[in-house]
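Chemist: Below are the C-alpha cells for one structure; questions will follow.
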Amino acid sequence: MSKWIGTSNQNFSPYAMEELRRLFTSINFTQLVPGEVFLFDIPMESDEVQQRLSTSELIFLRHVQPIDREFVLTGQATDVNQLVEMISYIDSSVADKKISIHIRTSRESLLVNTKSEIKSAMEEAIVEVGGQLVLQNPDLIITIFAHHTHLYVGFGTVEELRSDWPGGAIRFQREEGQASRAKFKLLEAEQVFGLDLSLFKQAIDVGAAPGGWSSLLLERGLKVTAIDPAVLDEKVSSHPALTHLKMNASDVKLPKASFDLIVCDMSWNPLMMSKLVLVLRPALKPYSYGIITLKLMNKKVMQSIREVKERLGSGYTVLQAKQLFHNRDEITLLIQKNG
Numbered sequence: 001m002s003k004w005i006g007t008s009n010q011n012f013s014p015y016a017m018e019e020l021r022r023l024f025t026s027i028n029f030t031q032l033v034p035g036e037v038f039l040f041d042i043p044m045e046s047d048e049v050q051q052r053l054s055t056s057e058l059i060f061l062r063h064v065q066p067i068d069r070e071f072v073l074t075g076q077a078t079d080v081n082q083l084v085e086m087i088s089y090i091d092s093s094v095a096d097k098k099i100s101i102h103i104r105t106s107r108e109s110l111l112v113n114t115k116s117e118i119k120s121a122m123e124e125a126i127v128e129v130g131g132q133l134v135l136q137n138p139d140l141i142i143t144i145f146a147h148h149t150h151l152y153v154g155f156g157t158v159e160e161l162r163s164d165w166p167g168g169a170i171r172f173q174r175e176e177g178q179a180s181r182a183k184f185k186l187l188e189a190e191q192v193f194g195l196d197l198s199l200f201k202q203a204i205d206v207g208a209a210p211g212g213w214s215s216l217l218l219e220r221g222l223k224v225t226a227i228d229p230a231v232l233d234e235k236v237s238s239h240p241a242l243t244h245l246k247m248n249a250s251d252v253k254l255p256k257a258s259f260d261l262i263v264c265d266m267s268w269n270p271l272m273m274s275k276l277v278l279v280l281r282p283a284l285k286p287y288s289y290g291i292i293t294l295k296l297m298n299k300k301v302m303q304s305i306r307e308v309k310e311r312l313g314s315g316y317t318v319l320q321a322k323q324l325f326h327n328r329d330e331i332t333l334l335i336q337k338n339g
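Have a look at this one:
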C-alpha cells in the first residue's frame, strides 16, 4: 500500500482522478482542496506506482507527491521539532546532495502561520547533516503538504514529482511592456515539452494578437509570420523579423514547405482550430513541430481531446498533451507533421 497527493489546475481534479482510475484498477481518493488537491492510496508499492506514472501520459496530473512520512500537527513548537528530527533521521539521504524544500498548505492548515519558521528550521537541519540547499536543479526535493492537523512529507526527484516547482505551479517574472500574459504559457510549454525554440528558423503564429507568443519567438531569434486580423502590440508589430498578415487564417496563402514551426493559441472551437492547423499544414516543412492550445469548451472534456487528436491525426502526430499551470480551461498539445 502506498499513499500519494495529486495536484491539478483548479477545478480539474476530477479529470486527473479519472486518468488515475484508468491507470490503476484499485484506487481510493480523498479531496483535500476541492477541485485541485487530493490524496489517493493504491495497494501497490511506491516504486511500482512511480514506474507506472512515469511511463503514462497524464494530461491533468500536474504534480504528484509520495507520502513517505505523516505527522499530526498541534500548532505548537513540537511541530518544528518533528520535522527537524526527521532530517536528522534521514541524514544519509540528504548528505552531500543538492536539496530543495517545497512547503504547501491548505487554508485550514495549522501550519499556515508557521510555514516560514518550519522551512528555516528544516534548512538549518539539512545544512548540519551536510546537505546543500538549492533553488534549481536539486538532486532531491523534500515536499510537504499540510492540511488541517495533518502534515504529509514526501521525497522525490524533479522527474518523479513531475515538476521542480511547489505543486507544479511554475512562475515567470512579468516583464515591463510585455505584450500579454499568454507569453508565460509558451515559456512553460517550451520547458515541459523539452523543446528549444531557438533551434527553429521560421514560425507561423495563428491568432497572434496581441502578440505574446510572437514576442517570445522573436526573442528566440525566429522569423515570425503572425496571422490575425486584430492589431498586434506595437513592440511586436515593429520588429523587423515579424510579418503581420491582417486576415483570417482560413484566407491565408503561404508558400509550401517554408516554415518549421506552427503555434496557435486561439479561443476557438477545438474542431475549428484543428481544421485551421490542418489547412496550414502544406506550409510546413516535413516533420515540423507545432504547439497549440485546445480550449475545453464543454463538459465532455475527454471526448473533446479524443476527437481533436483523431482529427489532427490525418496530418500530424500528437507527441504530448498537457494541461500546463498557465492553462486555464484548456490544454496544450505538442504536435509534429507527418512527413
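For the sequence shown, the UniProt record's numbering gives the first residue as 1, with consecutive numbering after it. C-beta atoms are modelled at their ideal positions from N, C-alpha and C, and glycine is treated no differently.
Would you check if there are 3 or more beta carbon pairs closer than 8 Å linking the region 139 to 149 to the region 94 to 105?
Modeler: As far as the Cβ criterion goes, the region 139 to 149 touches the region 94 to 105, which means the pair count is three or higher.
Chemist: Which of the three DSSP states, helix, strand or coil, is assigned to E219?
Modeler: Three-state result, E219: helix.
Chemist: If you drop the 5 nearest sequence neighbours on each side, which residues of the same chain put their C-beta closer than 7 Å to that of G168?
Modeler: The residues are T7, R62, H63, R162, F325.
Chemist: Tell me whether the region 311 to 330 and the region 188 to 196 touch, counting them as touching only if at least three CB pairs, one residue from each stretch, are closer than 8 Å.
Modeler: Cβ pair count under 8 Å is three or more, so yes.
Chemist: Apart from the five residues just before and just after Y287, which ones in its own chain have a Cβ nearer than 7 Å to its Cβ?
Modeler: Cβ neighbours of Y287 beyond the five flanking positions: Q336, K337, G339.
Chemist: Since K309 is in the alpha helix (DSSP H), which residue starts that stretch and which ends it?
Modeler: Per DSSP, K309 belongs to the alpha helix (DSSP H) from 301 to 312.
Chemist: Assuming L276 and I331 form a contact by the criterion Cβ under 8 Å, report the distance between their Cβ atoms to the nearest whole angstrom.
Modeler: Contact flag wrong, Cβ pair sits at about 17 Å.
Chemist: Would you identify the three-state DSSP class for T7, choosing helix, strand or coil?
Modeler: Looking at T7 - three-state DSSP - the assignment turns out to be strand.
Chemist: Comparing alpha-carbon positions, which option in V94, C264, Q65, A16 lies nearest A182?
Modeler: Among V94, C264, Q65, A16, the Cα nearest to that of A182 is on C264.
Chemist: Going by beta carbon distance, what residues of the same chain come within less than 8 Å of T105, once the five residues before and after it are set aside?
Modeler: Only L111, V112, K115, F145, A146, H147 meet the Cβ criterion.
Chemist: Since residue 367 and I204 should fall inside the 8 Å C-beta cutoff, what is the C-beta to C-beta distance between them, to a whole number of angstroms?
Modeler: The requested residue 367 does not occur in the structure, where the chain is confined to residues 1 to 339.
Chemist: With C-beta atoms as the reference, is I27 less than 8 Å away from I42?
Modeler: Yes; because the gap between Cβ atoms is below 8 Å, this pair is in contact.
Chemist: For F38, does the three-state DSSP call read helix, strand or coil?
Modeler: The answer is strand: DSSP assigns F38 an E or B state.
Chemist: Given a threshold of 16 other Cβ atoms within 10 Å of its Cβ, counted over all protein chains shown, does D233 qualify as buried or as exposed?
Modeler: Looking at its Cβ environment, which holds 16 or more other Cβ atoms inside 10 Å, D233 is buried.
Chemist: Anyone know if the C-beta pair for M247 and P270 falls short of 8 Å?
Modeler: It is not a contact, given that the beta carbons lie outside the stated cut-off.
Chemist: When DSSP labels each residue in this structure, what does V134 get in the three-state scheme?
Modeler: In the structure shown, V134 sits in coil (DSSP, three-state: anything other than H, G, I, E or B).
Chemist: In chain order, which continuous runs of the beta strand (DSSP E) of length 3 or greater are located wholly inside the region 221 to 275?
Modeler: You should have 223 to 227, 242 to 245, 259 to 264.
Chemist: To the nearest angstrom, how far is the alpha carbon of S304 from that of L278?
Modeler: Using only the alpha carbons, I get a separation of about 17 Å.
Chemist: Hey, how far is the Cα of W268 from the Cα of R52?
Modeler: Those two C-alpha atoms are separated by around 34 Å.
Chemist: Taking just the CA atoms, how far does T25 sit from M1?
Modeler: Cα to Cα, M1 sits roughly 14 Å from T25.
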